[in-house]
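Novice: One structure, as structure tokens, below. Some questions next.
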Amino acid sequence: MTEDLIQRRARLMGPNVPTFYRTPVHLVRGKGVWLWDAAGRRYLDCYNNVPHVGHCHPKVVGAICRQAGTLNTHTRYLHDLVLDYIERLTATLGHGISQAIMTCTGSEANDIALRMAQAVTGKTGIIATDNTYHGNTGATSVLSTRRPPIGGYPGHVRLVPAPDSLRPVGGSLEGQARAFAAHVARAIAELEAAGHGFSGMMLCPVFANEGIPTVQPGFLDPTVAVIRQAGGLVIADEVQPGFGRVGSHFWGHDWLGVAPDVVTVGKPMANGHPVAAVLATPAVMGAFRDAFGYFNTFGGNPVSAAACMAVLDVMDSEGLQQNAARVSAHAMDRLRALRHPLLAEVRGAGLIFGAEFVLDDAMTPASGFVADVVEGMVQRGFLLNRIGRAGNTLKIRPPMPFSVENADMLMDALQDVLAQTQVRR
0 MTEDLIQRRA
10 RLMGPNVPTF
20 YRTPVHLVRG
30 KGVWLWDAAG
40 RRYLDCYNNV
50 PHVGHCHPKV
60 VGAICRQAGT
70 LNTHTRYLHD
80 LVLDYIERLT
90 ATLGHGISQA
100 IMTCTGSEAN
110 DIALRMAQAV
120 TGKTGIIATD
130 NTYHGNTGAT
140 SVLSTRRPPI
150 GGYPGHVRLV
160 PAPDSLRPVG
170 GSLEGQARAF
180 AAHVARAIAE
190 LEAAGHGFSG
200 MMLCPVFANE
210 GIPTVQPGFL
220 DPTVAVIRQA
230 GGLVIADEVQ
240 PGFGRVGSHF
250 WGHDWLGVAP
260 DVVTVGKPMA
270 NGHPVAAVLA
280 TPAVMGAFRD
290 AFGYFNTFGG
300 NPVSAAACMA
310 VLDVMDSEGL
320 QQNAARVSAH
330 AMDRLRALRH
340 PLLAEVRGAG
350 LIFGAEFVLD
360 DAMTPASGFV
370 ADVVEGMVQR
380 GFLLNRIGRA
390 GNTLKIRPPM
400 PFSVENADML
410 MDALQDVLAQ
420 TQVRR
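The sequence shown: position 102 = 101 (numbering that gives the first Met the number 0), numbered continuously.
Below, the structure written as structure tokens:
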């Protein structure tokens with residue numbers, strides 16, 4: 000059956016459509032932190048952040064169904080619900096951020112954020128790290144190093160070395176924050192000299208796609224000072240760390256101690272319903288609205304707004320941010336207790352965890368070993384994946400209802416799989 004589906008996908012969707020795992024999992028049902036495949040096998044979901052409050056949460060499903068049965072239209076007509084949601088969401092934000100544009104995907108949100116920076120500064124140069132992902136539009140895809148753009152990277156983009164726990168920028172963990180800021184300052188100077196100017200920097204506050212390196216609150220202070228001095232905007236991509244996932248704070252940028260000008264959020268905000276948003280200060284929003292004509296047919300529709308509102312209701316009623324803090328502490332203790340000769344470091348930020356494996360003292364990535372561990376975990380009924388420049392870091396990012404009991408199940412299985420996985424060089 001799976002092989003038939005793979006062939007059918009290729010015929011109908013074209014070649015090279017990505018799937019997880021060597022034998023792709025054919026999922027048919029989900030509930031909470033659990034997923035079931037077509038053969039009835041159950042998997043503990045330790046990876047998917049989009050079903051933020053749990054797969055198929057009945058309160059979110061109910062809100063979608065009720066609103067879909069009442070009205071669904073777009074924001075060229077007046078409707079209370081999208082305004083109620085924006086008020087409620089921006090109440091969780093500081094730093095003067097009080098307005099929003101609702102979109103359908105994080106890619107769209109980040110695309111708008113880039114244009115906001117252009118509108119405010121009148122310049123086009125943008126900076127990101129050299130090991131990140133911010134979307135798949137024409138504008139955002141060139142910030143990713145996964146596949147170089149046809150014709151090469153455009154002149155208005157600069158990618159600076161990403162923070163790294165084992166191979167720190169500048170050569171030392173103590174000096175990494177200032178070394179990172181120095182690279183940003185150099186990139187700004189290059190953009191100005193090339194005539195593009197500098198509009199801003201986009202980053203994930205926990206550097207999730209970079210491998211979740213161990214950084215501390217205040218790490219970005221030197222970089223933010225450089226950005227501000229150059230007149231650029233700080234754009235925080237909160238698609239992964241936002242909505243309470245870091246546990247101690249509702250937003251990753253607040254945990255890191257950064258005051259952004261623009262915040263972008265994505266599908267976790269509606270538990271998988273296709274919703275995203277750009278949140279900004281009135282000054283930034285006003286500049287964008289003056290410079291660009293923008294309308295999104297589906298952005299802010301009543302059904303999406305109902306899904307978003309229900310997610311906030313569930314987060315409050317079930318204490319999911321508090322759960323993230325509690326489970327994170329326990330899971331980190333279990334991660335630190337793991338023993339394997341290739342395990343170089345474990346790290347985490349709330350309910351996002353990484354475990355990096357290397358082959359030797361030269362920090363050669365153990366990419367093949369980690370790939371085999373992921374497959375071994377899937378065979379045991381645990382869904383997780385890998386991340387980082389060389390794919391040698393296990394990435395664990397479960398839905399927010401993930402419990403201490405779930406964490407123990409995961410860590411017990413992981414210790415067994417690590418012991419049974421043969422080292423490949």
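Yeah, the Cβ is synthetic: ideal placement off N, Cα and C, and Gly gets one too. These numbers were taken from a predicted model, which means no experiment stands behind them.
(1) Let's test the definition: count the other Cβ atoms within 10 Å of the Cβ of Gln239 and tell me whether it reaches 16, buried, or not, exposed.
(2) To which residues does DSSP link Phe356 through a beta bridge?
(3) Give the single residue among Ile395, Leu358, Ala361 whose Cα lies nearest to the Cα of Val373.
(4) What three-state label does DSSP hand Asn384 in the structure shown?
(5) What residue from Leu113, Arg177, Thr74 has the CA that sits closest to Thr123's CA?
(6) Do you know offhand how far Leu393's Cα is from Ser316's?
(7) Output the distance between the C-alpha atoms of Val156 and Glu191, rounded to the nearest integer angstrom.
(8) What are the uninterrupted segments assigned as alpha helix (DSSP H) that are 4 or more residues long and contained completely in the region 206–294, given in chain order?
(9) If we call anything under 8 Å between Cβ atoms a contact, is Asp129 one with Ala180?
(10) Report the option in His78, Val16, Ala9, Cys64 whose CA atom is closest to the CA atom of Asn300.
(11) Assuming Tyr42 and Gly380 are in contact, meaning their beta carbons sit under 8 Å apart, how far apart are those beta carbons, in whole angstroms?
(12) Compare the C-alpha of Gly134 against each of Ile126, Val159, Ala108, Gly121 and name the closest.
(13) Which residues in the same chain have their Cβ closer than 8 Å to the Cβ of Ser402, if we skip the five residues on either side of it in sequence?
(14) For the region 74–139, list the alpha helix (DSSP H) runs that are entirely contained and at least 4 residues long, ordered along the chain.
(15) Helix, strand or coil for Val24 per DSSP?
(16) Are Gly231 and Thr120 touching if we call contact CB-CB under 8 Å?
(17) Return the chain-ordered list of same chain residues with a C-beta closer than 6 Å to the C-beta of Pro212, the five sequence neighbours on each side being excluded.
(18) Short of 8 Å in beta carbon distance, which residues of its chain neighbour Val16, apart from the five on each side in sequence? Order them along the chain.
(19) Out of Ala305, Val262, Pro14, which has the shortest C-alpha to C-alpha gap to Met200?
(20) Can you name, in chain order, every residue of its own chain whose Cβ lies under 8 Å from the Cβ of Gly375, other than the five neighbours on each side?
(21) Where Ala324 and Asp3 are concerned, what is the direct C-alpha to C-alpha distance, given to the nearest angstrom?
(22) Just tell me which of His73, Cys64, Thr22, Tyr46 has its CA closest to the CA of Phe294.
(23) By a C-beta neighbour count over all protein chains shown, 10 Å radius and 16 as the cutoff for buried, is Cys203 buried or exposed?
(24) Do three or more CB pairs link the region 216–231 to the region 261–275 at distances below 8 Å?
(25) Please go through the same chain and pick out, in chain order, the residues whose beta-carbon is closer than 7 Å to the beta-carbon of Thr296, but skip the five residues on each side of it.
(26) For Arg157, which three-state DSSP category applies?
(27) Compute the Euclidean distance between the alpha carbons of Ile5 and Pro14, then round it to the nearest angstrom.
(28) At what residues does the beta strand (DSSP E) containing Asp411 begin and finish?
(29) Please go through the same chain and pick out, in chain order, the residues whose beta-carbon is closer than 6 Å to the beta-carbon of Ala116, but skip the five residues on each side of it.
(30) Under 7 Å Cβ to Cβ from Ile63, same chain only, skipping five residues before and after it: list those, please.
(31) Quick one: give me the first and last residue of the beta strand (DSSP E) that Asp44 is part of.
(32) Examine the Cβ distances between the region 91–102 and the region 334–351 and report whether three or more of them are shorter than 8 Å.
(33) So what does DSSP say about Met331, is it helix, strand or coil?
(34) With DSSP as the reference, identify every bridge partner of Phe197, one or two as the case may be.
(35) Which first and last residues belong to the alpha helix (DSSP H) in which Asp312 is found?
(36) Looking only at its own chain, which residues have a Cβ that is under 7 Å from the Cβ of Glu86, when we skip the five neighbours before and after it?
Specialist: Taking the definition as stated:
(1) It is buried - the Cβ of Gln239 has at least 16 other Cβ atoms within 10 Å.
(2) Bridge partners of Phe356: Leu342.
(3) The shortest C-alpha to C-alpha distance from Val373 to any of Ile395, Leu358, Ala361 is the one to Ile395.
(4) Asn384 sits in a strand when the DSSP states are folded into three classes.
(5) Cα-wise, what sits closest to Thr123 is Leu113.
(6) Leu393 and Ser316 have their alpha carbons spaced roughly 31 Å apart.
(7) Approximately 12 Å, taken between the alpha carbons.
(8) Fully enclosed alpha helix (DSSP H) runs of 4 or longer: 220–228, 251–255, 281–290.
(9) Contact check for Asp129 against Ala180 fails: the beta carbons are separated by 8 Å or more.
(10) For the residues His78, Val16, Ala9, Cys64, the minimum Cα distance to Asn300 belongs to His78.
(11) About 5 Å; that satisfies the 8 Å criterion.
(12) Among Ile126, Val159, Ala108, Gly121, the Cα nearest to that of Gly134 is on Ala108.
(13) In its chain, beyond the 5 residues on either side, Val32, Asn322, Val326 have a beta carbon closer than 8 Å to the beta carbon of Ser402.
(14) Inside the region 74–139, DSSP marks whole alpha helix (DSSP H) runs of 4 or more residues at positions 79–89, 105–120, from first to last along the chain.
(15) Val24: coil per DSSP, three-state reduction.
(16) Against a cut-off of 8 Å, the Cβ pair of Thr120 and Gly231 comes out as a contact.
(17) Excluding positions up to five away in sequence, the list reads Pro162, Asp163, Ser164, Phe206.
(18) Only residues of its own chain outside the window of five on either side were considered, and among them Arg8, Ala9 have a CB closer than 8 Å to the CB of Val16, listed in chain order.
(19) Of Ala305, Val262, Pro14, the residue nearest in Cα terms is Val262.
(20) Around Gly375: Val416, Gln419, Thr420.
(21) Rounded to the nearest angstrom, the two C-alpha atoms are 43 Å apart.
(22) Among His73, Cys64, Thr22, Tyr46, the Cα nearest to that of Phe294 belongs to His73.
(23) If you draw a 10 Å sphere on the C-beta of Cys203, you find 16 or more other C-beta atoms in it, and that means buried.
(24) Here the region 216–231 does not lie against the region 261–275, with fewer than 3 beta-carbon pairs under 8 Å apart.
(25) Taking Thr296 as the centre and dropping the five residues before and after it, the same chain places the C-beta of His73 closer than 7 Å to its C-beta, in chain order.
(26) Arg157: strand per DSSP, three-state reduction.
(27) For Ile5 and Pro14, the distance between alpha carbons rounds to 10 Å.
(28) Element bounds for Asp411: not the beta strand (DSSP E) but the alpha helix (DSSP H), 403–419.
(29) Result list for Ala116: Ser198, Gly199, Leu232, in chain order.
(30) Counting only Cβ-Cβ distances below 7 Å, and skipping sequence neighbours, we find His272, Val302, Ala305, Ala306.
(31) Here the beta strand (DSSP E) through Asp44 covers 41–44.
(32) Too few Cβ pairs lie closer than 8 Å, so no.
(33) Residue state, collapsed to three classes: helix.
(34) Residue pairing for Phe197: DSSP places it in a beta bridge opposite Gly124.
(35) Per DSSP, Asp312 belongs to the alpha helix (DSSP H) from 301–317.
(36) So no residue of the chain qualifies.
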